[in-house]
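Novice: In our numbering, the protein residues as written are 51 to 151.
Please see the structure below; I have some questions.
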């Protein structure tokens, strides 16, 4: 697999935007909003603000990103988030995984 740093950063940012939309939605349950907000903050600190030094590190970082988002989806599911919340995150994750192909 060969990832492009710019494409990876773009995926991180797009996922951040989706999570922040959930976190800031006044119609979303506060527990769901908190999960999305915490995930967005973690994305910002661990991924968006942390540029990989080489291709191997970038691949590891991207794998960690995928794992984080899958974990967030599990947390949202456990908190009974509906498809209006989970759908956009799942869609973004599917698109992000395509970079791995």
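Quick reminder that beta carbons are idealized off the backbone N, C-alpha and C, glycines included.
Since we're looking at a predicted model, the values are computed, not measured.
The alpha helix (DSSP H) spanning residue 97 covers which residue range?
Specialist: Here residue 97 corresponds to residue number 47 of the chain shown, with the count starting at 1. Counting along the chain, residue 97 falls outside any alpha helix (DSSP H), and DSSP gives it neither H nor E.
Novice: In chain order, what residues of the same chain have a beta carbon less than 6 angstroms from the beta carbon of residue 102, not counting five sequence neighbours either side?
Specialist: Taking the chain shown and counting its residues from 1, the one referred to as residue 102 is at position 52. Here the set comprises 108 and 111.
Novice: When you compare each of 95, 141, 78 and 98 to residue 129 by their alpha carbons, which one comes out closest?
Specialist: Counting from one through the chain shown, the residue named residue 129 turns up at place 79. Considering only alpha carbons, the answer is 78.
Novice: Residue 99: which of 56, 148 and 145 sits nearest, CA to CA?
Specialist: Counting from one through the chain shown, the residue named residue 99 turns up at place 49. When only C-alpha atoms are compared, the closest one is 56.
Novice: Please state if the CB of residue 58 and the CB of residue 138 are separated by a distance shorter than 8 angstroms.
Specialist: Sequence index remark: in the chain shown, residue 138 carries index 88 (1-based). Sequence index remark: in the chain shown, residue 58 carries index 8 (1-based). No, the Cβ-Cβ distance between residue 138 and residue 58 is not below 8 angstroms.
Novice: Take the Cβ of residue 72 as the centre, count every other Cβ of all protein chains shown within 10 Å, and call the residue buried at 16 or more, exposed below.
Specialist: One-based indexing of the chain shown puts residue 72 at position 22. Flag for residue 72 reads buried.
Novice: Quick one: Cα of residue 88 to Cα of residue 115, how far?
Specialist: Working through the chain shown from its first residue, we reach residue 88 at position 38. Working through the chain shown from its first residue, we reach residue 115 at position 65. Roughly 14 angstroms between the two C-alpha positions.
Novice: Would you kindly work out how many angstroms separate the C-alpha atoms of residue 90 and residue 135, rounded to a whole number?
Specialist: As a first step, residue 90 is located in the chain shown; it is residue number 40 there, counting from the start. As a first step, residue 135 is located in the chain shown; it is residue number 85 there, counting from the start. Using only the alpha carbons, I get a separation of about 14 angstroms.
Novice: Looking at C-alpha atoms only, which residue of 113, 74, 146 and 119 is the closest neighbour of residue 92?
Specialist: Position 42 of the chain shown holds residue 92. Checking every option, the nearest Cα to that of residue 92 belongs to 119.
Novice: By the 10 Å Cβ neighbour count, where 16 or more other Cβ atoms means buried, how is residue 61 classified, buried or exposed?
Specialist: The residue labelled residue 61 in the question sits at position 11 within the chain shown. Buried, by the Cβ-count rule.
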